[in-house]
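So the sequences go chain by chain: A and B.
Residue numbering for the first sequence follows this note's numbering, beginning at 970 and increasing consecutively.
Residue numbering for the second sequence follows this note's numbering, beginning at 970 and increasing consecutively.
C-beta: ideal position from N, C-alpha, C; glycine also.
Working notes, beginning with the structure itself.
2 protein chains.
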Amino acid sequence: MLSTPELLLIEDDPGIRRFLRASLAAGQYRLCECETGQDGLAQAAARQPELIILDLGLPDMDGVALIRQVRSWSQIPIIVLSAQGQESVKIAALDAGADDFVSKPFAVGELTARIRAALRRSAGLPGGGQIFRAGRIEVDLDKRVVLADGEEVHLTPIEFKLLRVLVRHAGRVITQRQLLNEVWGPHHMEQAHYLRVYMAQLRRKLEVEPARPRHFLTEPGVGYRLVGDLAC
Amino acid sequence: MLSTPELLLIEDDPGIRRFLRASLAAGQYRLCECETGQDGLAQAAARQPELIILDLGLPDMDGVALIRQVRSWSQIPIIVLSAQGQESVKIAALDAGADDFVSKPFAVGELTARIRAALRRSAGLPGGGQIFRAGRIEVDLDKRVVLADGEEVHLTPIEFKLLRVLVRHAGRVITQRQLLNEVWGPHHMEQAHYLRVYMAQLRRKLEVEPARPRHFLTEPGVGYRLVGDLAC
DNA sequence: CCGCTTTCTTGATACTTTCTTGATGCCGAT
DNA sequence: ATCGGCATCAAGAAAGTATCAAGAAAGCGG
Chain A
970 MLSTPELLLI
980 EDDPGIRRFL
990 RASLAAGQYR
1000 LCECETGQDG
1010 LAQAAARQPE
1020 LIILDLGLPD
1030 MDGVALIRQV
1040 RSWSQIPIIV
1050 LSAQGQESVK
1060 IAALDAGADD
1070 FVSKPFAVGE
1080 LTARIRAALR
1090 RSAGLPGGGQ
1100 IFRAGRIEVD
1110 LDKRVVLADG
1120 EEVHLTPIEF
1130 KLLRVLVRHA
1140 GRVITQRQLL
1150 NEVWGPHHME
1160 QAHYLRVYMA
1170 QLRRKLEVEP
1180 ARPRHFLTEP
1190 GVGYRLVGDL
1200 AC
Chain B
970 MLSTPELLLI
980 EDDPGIRRFL
990 RASLAAGQYR
1000 LCECETGQDG
1010 LAQAAARQPE
1020 LIILDLGLPD
1030 MDGVALIRQV
1040 RSWSQIPIIV
1050 LSAQGQESVK
1060 IAALDAGADD
1070 FVSKPFAVGE
1080 LTARIRAALR
1090 RSAGLPGGGQ
1100 IFRAGRIEVD
1110 LDKRVVLADG
1120 EEVHLTPIEF
1130 KLLRVLVRHA
1140 GRVITQRQLL
1150 NEVWGPHHME
1160 QAHYLRVYMA
1170 QLRRKLEVEP
1180 ARPRHFLTEP
1190 GVGYRLVGDL
1200 AC
């Protein structure tokens, strides 16, 4: 069960890495660590973490450039750490797309509070559980639980990721590229076949008549759309 | 957004108010100022600003409590200012629902960068979906959904592309070449036949009397025009 | 560390929708 | 009447989609 959020830490200083590993990985979050910007970019694309903590002063590339690259395909929250508290650096990072900026030395408590704030925002929820309903289907994104006719339905990690994206955009059409990007990452945006396999899987598990879907609708040539009771 | 974003400033210190008024109200934003927490809450509810800047050290009420109250009904971004840089205060404010925390004394450049970051984020989510209406027709370009008499109408990719161009230029005549260019690309600008086929399709699906179109009008020798209720 | 189970990836095939294209008829203008 | 621009219908071609299934990979428990 992958319920704890995964954070990606991009930081070259081993001391700080150890420090944050101790502070963050202790139950609350899973932590994935990188030492270089290149590796960080690759990991961000491959693992699709829920949040990125980025040290601006990397040896191999400019931190602001890294932010821009990530922002070219994703809205993952990025919290920047930096030894330089210079105002111009902060502005550059924030305007490049960073969500928050923390100067070193920092207090862990504050950092974790800012992480919570960023995750809360990106979840799009006040913190209390929002439940999506569509006919006999019930989805609780927080608890990571899906019910059909009140019965719990087991979903694999990818199935749930896909469902989550659909639920978050419920009512509107999502393009195949967008789904592929958000579920498999930017390197798989041509593998539309994955989408078909997993959409069929979701329908098989959640639709009454998988062959005649009432909620997981296909928009041929475009993408898919999840229609539920709460229409916006 | 058509007009400049409105910010609500809740701050008892007249000096800082004057300072921020000078920095923020100069063209970029509209600024609404309050001296007390009570007034701030009232203004937040009444004016629905796009962002709140809140001084934690208000004379009449606890800032953290104010954050909680606002959060009980709204997700407006809140940036906290505070003279106390104490970690526990920051954590309390962020966990109460604040989006960001800036300690005094602060640099305007950083504050405005953080404001931009917060506004950018909040702009992304709810979707400023403007809906085009024309008689019984309703077009939501964001959701990619079209209704006629409240009933959903399915459009193929090309049909929707064509409709989108028409909606974006609603009220004006669009030449055939322009439509062909925007829908099929610059290599098909001579295929006026495509246009006739698909325009007929749109009329068949959306007009009450396809033979006597009321909204999808032909301008002989020139192109087409979509007339609706909201002109822009 | 190994074997077992679950999940992911990939391929093959049948099926559906959509696009393109040609034929035909209408209407107004010359 | 004839011609050019427009509307409509229809059918084959092309593109896109659903589903099954099996080997590969990854995760889990002992």
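With respect to chain A, the C-beta atom of D1069 of chain B has a partner C-beta closer than 8 Å. Counting the other CB atoms within 10 Å of its CB gives Q1145 of chain B a total of 16 or more, which places it among the buried residues. For L977 of chain B, the closest alpha carbon among the candidates B:E1004, B:G996, B:P1179 is that of B:E1004. For I1045 of chain A, the closest C-alpha among the options B:E1107, B:K1073, B:G1093 is that of B:G1093. In the DSSP assignment, V1177 of chain A falls outside any alpha helix (DSSP H), carrying neither H nor E.
DSSP places V1115 of chain A inside the beta strand (DSSP E), whose first and last residues are 1114-1117. Among the residues of chain B, none has a CB under 9 Å from the CB of I1045 of chain A; the nearest is roughly 12 Å distant.
Ranked by how close their Cα comes to the Cα of R1102 of chain B, the residues B:G1006, B:N1150, B:V1136, B:E1178 have B:V1136 in first place.
For L1088 of chain A, the CB contacts under 8 Å within the same chain, skipping 5 residues up- and downstream, are P974, E1019, L1020, P1046 in chain order.
For F1101 of chain A, no alpha helix (DSSP H) run applies; the uninterrupted beta strand (DSSP E) run containing it begins and ends at 1100-1103, by DSSP. Here Y1167 of chain A carries a helix assignment [DSSP, helix/strand/coil]. Scanning chain B for C-beta atoms nearer than 7 Å to the C-beta of R1083 of chain A yields L1063, reported in chain order. Taking a Cβ-Cβ cut-off of 7 Å, the neighbours of E1056 of chain B in chain A comprise A1076, G1078, E1079, given in sequence order. Residue state for G1078 of chain A is assigned as helix, using DSSP reduced to three classes. Here the alpha carbons of L1164 of chain B and P1155 of chain B stand approximately 14 Å from one another.
Looking at the DSSP output, G1192 of chain A bridges to A:T1144, A:E1188. Of all alpha-carbon atoms in B:W1153, B:M1168, B:L1023, the one lying nearest the alpha-carbon of A1052 of chain B is that of B:L1023. Residues of chain A whose Cβ lies closer than 9 Å to the Cβ of K1059 of chain B are, in chain order, A1076, G1078, E1079, A1082, R1083. Counting of Cβ neighbours within 10 angstroms places A995 of chain B among the exposed residues, the total staying below 16. In the DSSP assignment, I1048 of chain B falls within the beta strand (DSSP E) that extends over 1047-1051. In terms of beta-carbon proximity, R1141 of chain A lines the interface with chain B, with at least one pair separated by less than 8 Å.
The DSSP-derived three-state label of D1069 of chain B is strand. Distances from the alpha-carbon of A1082 of chain B to those of A:S1072, A:A1065, A:P1074 put A:A1065 closest. DSSP places V1122 of chain A in the coil class of the three-state scheme, outside both helix and strand.
Looking at the DSSP output, I1106 of chain A bridges to A:A1103, A:A1117. Contact with chain B is found for G1190 of chain A, since one of that chain's Cβ atoms lies less than 8 Å from the residue's Cβ.
With the rule of 3 Cβ pairs closer than 8 Å, the region 1162-1178 of chain B counts as touching the region 1117-1132 of chain B. When DSSP states are grouped into helix, strand and coil, L1023 of chain A belongs to the strand group. For R1040 of chain A, the enclosing alpha helix (DSSP H) begins and ends at 1032-1040. For R1040 of chain A, the nearest beta carbon of chain B is not closer than 8 Å to its own beta carbon.
If the five residues before and after Q1007 of chain B are omitted, its C-beta is found closer than 8 Å to the C-beta atoms of D1029, M1030, all from its own chain and listed in chain order. The C-alpha of Q1147 of chain B is placed about 8 Å away from the C-alpha of M1158 of chain B.
In the three-state DSSP reduction, E975 of chain B falls in the strand class (E or B). Here DSSP, grouped into helix, strand and coil, assigns E1002 of chain A to strand. The C-alpha of I985 of chain B is placed about 31 Å away from the C-alpha of L1025 of chain A. Here E1128 of chain B is near Y1167 of chain B, since their CB atoms are less than 8 Å apart.
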